[in-house]
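Following: one structure in structure tokens, then a few remarks.
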Amino acid sequence: MKQEIGLLVIFLLVFLYDTFMPKNSLKALPVVTTLLMVVFTALGFGICYGGNTSAVAAFGGMYETSAVVTAIKNILNIGVIIVLIQSIRWANGELMIMRRGEFYELLLVTLFGMYLMISARHFLLFVIGLECASLPLAAMVAFDKNRYESHEAAVKYILTAVFSSAIFMMGLSFVYACAGSLYFDKIYNALYGEHTAMLVLALAFVISGVGFKLSLVPFHLWTADVYQGAPTSVTSYLSVISKGATAFAFLVILAQVFGSIYSQVWEWMLYALIILTITVGNLFAIRQRNMKRFLAFSSISQAGYIMLGIIAYNTMGVAAMMYYILVYIFSNLAAFGVIGAIENATGKISMDDYRGLYKTNPRLSFAMMLAMFSLAGIPPFAGFFSKFFIFTAAVGQGSVAIYVLVLIALINTIVSLYYYLLVVKAMFISDDECTIARFRSAFSERLGMWIAVAGIIFLGLLSPVYDYLLDLTADSSLLAYFIR
Amino acid sequence: MSVTIPILILAIPLFMFIFLGLCGKKMSHLLAGTLGTLGMGTVLVLAYYTAFNYFFSGQACFINEAGERLQHVIFNTTWLQFTDSLVIKLGFLLDPISAMMLVVITTISFMVHLYSLGYMRDHHGVFEKGFQRFYAFLSLFSFSMLGLVVATNIFQMYIFWELVGASSYLLIGFYYTKPSAVSASKKAFIVTRFADLGFLIGILTLSYYTGTFNFTDLTSVPVEGLADTFRVDLSTPETVLAGISSGAAPIFMGASVLTWALVLIFVGGMGKSAMLPLHIWLPDAMEGPTPVSALIHAATMVVAGVYLVARLFPLYLMENSALVIVTVVGAITAFYAAVVACTQVDIKRVLAFSTISQIAFMMVSLGVARPEYHEGLGYMASMFHLFTHAMFKALLFLGAGALIHAIGSNDYTEMHGLRKYMPITHWTFLIGCLAIAGIIPFSGFFSKDEILSAAGNYSVWVYIWMSLVAFMTAFYMFRLYYLIFWWKEHTVREGHHAPHDQPWTMSVPLIILAAITCVAGFIPFGNLVSWNGEPYDFMAHFDWSIATVSLIVAVAAILLATVMYRKENKLPAKMKNAMPALWRWAFHRFYWDELYMFITHKIIFGCVCRPLAWFDRHIIDGTMDSFAIVTNKASNAIKPLQSGQVQMYVWLYLIGALLLGGITILCLI
Amino acid sequence: MFCCGLYGFLTRRNMIAMLVSLELMLNAVDMNFVIFNRFLFPGAMEGMMFTLFAIGIAAAETALAIAIIINIFRSVHNIDVRELNQMKF
Amino acid sequence: MFENILIYFVVIPLLMLAGLGLCRNIRQIRAVAVVGSLALIGLSVWLLVDYLALRAAGETAPMLYTGSWMWFRPLNIHLAVGVDGISIAMLLLSSVIVFAGSFASWKIPQPKEFFLWLILLSTGVFGFFISIDMFTMFMFYEVALIPMYLLIGVWGSGNKNYSAMKLTLMLMGGSAFLMLGLIGIYYHSAPAGEQLTWNLLEIVDNASIPHGWQSFLFPMTFVGFGVLGAMFPFHTWSPDGHASAPTAVSMLHAGVLMKLGGYGCFRVAIYTMPQAAHELAWIFLILTGISVVYGAFCACVKTDLKYINAYSSVSHCGLVLFAILMLNETAMTGAIMQMLSHGLMTALFFALIGMIYGRTHTREITQMGGMMQIMPYLSVCYVIAGMASLGLPGLSGFVAEMTIFVGSFQAGMQDYLAGAGSLRLVFTIIACCSIVITAVYILRVVGKLLFGRVYDEHHLKLTDAEWWERLSTVTLIVCVAGIGCFPNFFNNLINFTFTPEIFSVLGIK
Amino acid sequence: MESVGSIILYVVVAVSIVVFSVLAVTTRKILRAATYLLFTLFATAVVYFMLDFEFLGAVQIAVYAGGIVVLFVFAILLTSHPGDNSSRLTSKRRLLGLVGALAMLVVTGWTLLSRCALYASKPAMENPDMKQIGQTLMGTGDGQYLLPFEAISVLLLACIIGGVVVARKR
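Residue numbers (the working numbering), protein chains in the order written: chain A, 53 to 536; chain B, 859 to 1527; chain C, 1466 to 1554; chain D, 113 to 621; chain E, 16 to 185.
Structure (structure tokens):
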């Protein structure tokens, strides 16, 4: 609870600062917010290390926190800090003067929503968290007033989001009909060993509702358009933080609510979804020229890999998934950092504009290359380790089907390597007359990139990170239902 | 015997090769040539010393109390160990034939070294380009050839076998700017390589069963013992099966494994010795400088095949069928080469075919040798012929080289009537021709006579056949002789000075070789070389009836040649027109080259390589590419899903969710 | 009712009409909860409470959606959803 | 950790990378490259000497210099190192080729980046050879693959984009299978209830992979490594990749990287799963036997020098895998010798082709001729390389091929006599045929390219090799001739691994 | 079963819900759609009353009918041009919509009907009074909803901020 309250405090501070401080001091708002976040995250780590690691329930079992939950929230916080750092320049831009404060406020609210999603042990709270995490994002997507795409993206986002929440709630009503309660543990006990048609349908609807946030195929179609239309900072936020939080929440739901359903019905659903997600995401990504759209599809297929950690249903899988999320945050944010820097400097976001970038901006293209390699899972960058661990964890489940699934996923990594290399090729190999000229990116952007790149390089090589995550999951009662 | 001298025999040429190869360019031509020749001279002395020591010192390690000559391994160091028993060693084996070969090789090689000092420069005394390289290669060849003959095991032989092939390749292609030389060298290498494949598989088979590479083990292990290992009792199916199951000797495609091994090894010998189907490289190899032809393609390397069979002779004796094959191949080749030699115009080609024919003689001789006939006379005869042939054929080649050097052409139509201009060449050449024709008292008479009597002992048909070949040999050699030195008066071409005799460096070897040819026949070879080391009296087996017959045959052939070619006349043309088809086929060497060209270019390249390459690029690679193409196609195909229409998105969402639920429900219920 | 809303959402071109349809859907869900609560689990009020909150959420959604629609209307003077296809493939 | 000498095989390249980062001009870059690669050579020679001394002193452990440091505790992943004779031979080979490669790319444009990637690549290679932990092995394996993409893409020639992409994707495709195979091995690496491990030695000791799983995992790993070993039909990256790659990269790739495939096939696939290797060998024997002949035939009709050489590599590397699959001591020794030999001579080939191409700007043999008159030094080297390739005694190729043939023939005959079919025997004979085909295409190239008349008048102006080029080629030639002349030294070095005990572990008589 | 009157009332209300919602999505005039929506919402509120959830019915009327529909009307007035009727739908799109809706209907209907027990009877339940509702909303125990209550307040605040930002001219 401390974290949620802390977050709300920051939210209020920012709100008050934005409202009551004089106009000329508002310039400092981004920095102040970022610093607040840093302090907050540091405190979060303090909780993580200092406090007891057993699960604590509150509000009549509606809310629960434990060391793992704190850890995943901290992981999200780190991502948010990088996003904030990277967006400082954008937030201080001409366009944003009127909306600077609101950006931060909305962002903090969505983060709060995600916290709720992760900690919720009651579906009502979960729904509120979900809405909290998605509705303000629609407003954020629409932040770029001058770009038509931004508006279009916002409309698409809000319409599909509301639709999906309608379906989700429909599913919840079925769950309610079956179980008579919306508390996770009660549902678990009520549904033990059942598999009625209604339940299956409810499960499908719930999965689709969460899958929408995670952009699993076929619930992903909004993703590309929204990523492309949204301001880059929002896109990066959307692609990593929102996805990471939802993935974890998804894990919690599947483990604590539907884990008891007869013969792990959801497992087969996930097999189908994972294969579809990875494959379709990759196939679409191949043909993209717009970098943001490209990363959208890439993030779709990454979501499929994250799901592998869930399907493993063992502690290793959970740890691998958290680790994957962490690494993915760094890798993707490095990529978005570069895209953002280039967009801010030149306004170009097409892959073709990146041709010959290495000649003029070697450092940027180097950072981008590392990000691409990490996303593609090339050693010695962190992405390799996270992918390897998640595959190892998945195979640990032991069935033949999982071998097939992992093989399909591995073959898909080749396709993904192909399109990641396309970016590298554009930057390093291709030549073009109208290369982006040499420019110097802002300090904040560079700082953001440095952090992300450092993460890419060191997260994998430094084993304690993963060890620590695995220790957490091993202790945790969170997954007690889940682990057989 | 100390190891120093044998090591020096091998090391000096090797050192010369490396030294001249690396530093040759930095030194003058003359110095390089002189160094090479001196080096070879030293080796010559050492080799003579060694051979003399072997034959005549009477040391216990060379000859036992019974007077049998022994195989003596002077040194043998491990070079590469495959398994505990299969070990390649590099060593130095002295026995009668290797001692004899040492003498042959060093003699001819030294002569060639000396001769080349004169030959490899033009009339103004300017050395040819790559003179140093030439000497380096000659040294390399000498090294490899010496290594080959002193090999202690079959794999060492194979190693040096390959090396002589390579040095032959380099020397044939010495004039590397000449396309014909390049292709000739390539052909020589590839054809012999093909034969070596057989050799290799033969070695592998043989060594698998015997568990050794060593010649001493292979040949001096009691023959009966080996025969037990190899032979399977073919009388009843039960015994065959018993033989196979005991792992003794499986029958493979109708022949025992030993037969296969020996035949395959013989294939290697066929390649090197230019036996019939694999002979095509030797005539082309004449593209190399003439001294090279004398050394490699007349005297030493081409007899390696004979030497190989002789080396393994005790093994061959165990398999009658293998020896029959050797005989048949030899006989056919001898006849074929003789026929072709009668029609060629290029003097070196004539000599080349003559070489093929003579080597075939040696092969036949080995093939017909049996211990029961005159204590293996054929074996001795073969080695004897090898020795004499090396001398007189080198003599002939060097003589031909002198002619070519003087005239500037290989074609006898440009020569004619040279006897007055080049007396030394004329006389030495004549001696060579008489020797090869088998006229007493020249060396060829004795050795050929031994062969014929061995053949006569074996089968009268072989004897008649070989006599016919001997007749043709005398005929074509004297045809050549008359066409070069007689026929009509020499016409000096415009702009050329009259041909004259060569400098001393070239004359001396001619004279020495001619002298050897004159006297070599009287060497008591039977005392020195025999298949099992036991000396026997040479003259005891000398059959005067056969000798007389063969002498008559030779003289008849010479007379016929005299009639036809001494003076310019129309007889040859008439003969040619009388048998146009035969003449054309013989002139074109029975179209063997064309057949090979067809097989290699049309079949191997056209029907195997090219289709395979196409298959690789289009089918295999196409499959790999098609994965990418299919992926791209799939990407295009699902493009409409992302239509940009939010209602379509939602519809797909809905259908997806319903399908997910619906299918699961259907599966569960 | 849910299906009606669905139909409307899938077919209407006007974005506001789509929103209307969405409201129908949400309302249907609410009713579901209430009815389940009343008929199956009369002892507790969870369904009712959920509906209560869902009404609030629906209101928030509507407000935000309308704001965005007005926004895009300002930008293109059109609220036909089919015109929104600048970004695709 | 740093007291273990093997670690320095990774540390030195990393130091070189750091050094490169500080370099300001091309001289410093060259200095770093040369000093670093010399240090590596020195290190591997020292290792060799020390290893032999230890063996002479009676060390009988399968691996020496073993060290193991926990890395990822939960998965029991260690940074585990250890070498035996084979690894040392490979390390020697790699360091020599890196050295020669540095000289071959003396005048490369953008030297800093080039050497950066090149050294990263060699880090991967060295790391791979010293690892005995499957995870680190795989990691280094992939580290070695990726720089290829940029090296070919940026510094390559011809259809470089296509080739680079194809090479990378195909090799990654292989490693996809490999990864699954390795993970599968991990999960069966210990008897039920005991700590799972990635350490190869422990896996071999445990010998706990069930038979059914072996027949699934063996093909996975073998194909995974086999792709890099250019096994038919997964070899097609090789011609295109080599044709487009810059000189040093071709050298390193054909010389060292393709060896990773063979080495891995032995170390991982066969070593840990002997039963499956024994049973399934026939499938791969057929495939590799085909590669041997097929590569040679294809090389016969190609006209691009690099294509010819690439196909020849397919053939020779096919021979490596072929020999490994014979599961026979002699043949396996031969396979390792062939790796060494092929590595050196193909590196020499590619170096020479690169130097010729750098002068003539064409690699079509139909467009060239008479090089012997123009650049005698390079041409002589080419002839030597060719002779090594076609197996001339005294050079390395002969030794390796003969060892393979003798071993395979023994294995084949044993099978045949034991009534186990004549497949091995027949394919041995087919493989032997490759020596003839090799002669055909090598001599064809030598004849067309070096001999004959000068094809193009413009070529007459070209110059012969510079000193750095000479140094690069001489190094390789000396090594080729060294192995060719003193094979038993290497034979003894390698042979220790293939002791009877190993074969009893492998379950083979 | 209950009295006939309540059954009749139920039928009337149910029919009106369905009819009005169908009308709401099929009418071509956007303003009428809003009106039909209003009727549907009212009918829903009646259902709530019938099921003894008076508080919920009241909220339904206040929030939905009072707030949301008014919002809709404002939005419609702001965005639509006078006489701007939506044109006829293309049959393809209508078909797709119908397929989707019917598929949903079939699947949900089938699953609901598969639990027929639902409609057997209306169990007795005491009408929750306001105090009870208030305590439930403000309590922190099991089955009490303080946290969601606070959370939804944050959500509403955020939506207000978002709405303002988005709708603001600049």
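Backbone N, C-alpha and C fix where the C-beta goes; we use that ideal spot for every residue, glycine too.
Cβ shell of residue i (< 8 Å), same chain only, five flanking positions each side left out
i	result
A428 (chain A)	G435, T465, S468, L469, Y472, L473
CA nearest to the CA of residue i, picked from the options
i	options	result
L46 (chain E)	C:I1481, C:F1504, C:V1494	C:I1481
V1186 (chain B)	B:A1295, B:W1345, B:M1128, B:V1208	B:M1128
T862 (chain B)	B:F1245, B:G897, B:W1389, B:F950	B:F950
G1163 (chain B)	B:T1191, B:G1069, B:V1466, B:M1221	B:M1221
K1036 (chain B)	B:C919, B:D1142, B:G1296	B:D1142
K411 (chain A)	A:I381, A:A419, A:I481	A:I481
V1167 (chain B)	B:S1002, B:I1457, B:L1181, B:T1010	B:L1181
G270 (chain D)	D:C545, D:Y419, D:I542, D:L431	D:Y419
V1407 (chain B)	B:L1326, B:H1358, B:W1019	B:L1326
M1335 (chain B)	B:P1382, B:M1249, B:C1200	B:C1200
Any non-hydrogen atom of the ligand NAP within 8 Å of residue i CB
i	result
L944 (chain B)	With respect to the ligand NAP, the structure offers nothing, as it holds no ligand at all.
Residue i versus residue j: straight-line alpha-carbon distance, rounded
i	j	result
H1053 (chain B)	V1121 (chain B)	In the sequence under discussion, the amino acid at residue 1053 (chain B) is Ala, which differs from the His named in the question. Taking the straight line from one Cα to the other gives about 11 Å.
F1448 (chain B)	G268 (chain D)	51 Å
F1032 (chain B)	F238 (chain D)	44 Å
I460 (chain A)	I327 (chain A)	7 Å
A1419 (chain B)	F1329 (chain B)	11 Å
S451 (chain A)	I363 (chain A)	11 Å
M1133 (chain B)	W1450 (chain B)	12 Å
Beta-bridge partners of residue i, as assigned by DSSP
i	result
Y115 (chain A)	A:A110, A:A172
V945 (chain B)	B:Q939
Neighbourhood of residue i by C-beta distance below 7 Å, restricted to the same chain and skipping five residues each side
i	result
L158 (chain A)	P188, A191, M192
M1513 (chain C)	V1499, N1502
Same chain, Cβ closer than 6 Å to residue i, neighbours up to 5 away in sequence not counted
i	result
F227 (chain A)	Reading the sequence as shown, one finds Val at residue 227 (chain A) and not Phe. Around V227 (chain A): A254.
G1126 (chain B)	A1053, D1054, G1056, F1057
P864 (chain B)	I932, F950
A890 (chain B)	L878, G882, Q990, Y993
P599 (chain D)	V511
Assumed close pair residue i, residue j - CB separation to whole angstroms, cut-off 8 Å
i	j	result
I377 (chain A)	G296 (chain A)	4 Å
(request) Select from the segment 1526 to 1551 of chain C all residues with a C-beta closer than 8 Å to any C-beta belonging to chain H, and list them in chain order. (result) The structure shown contains no chain H; its protein chains are A, B, C, D and E.
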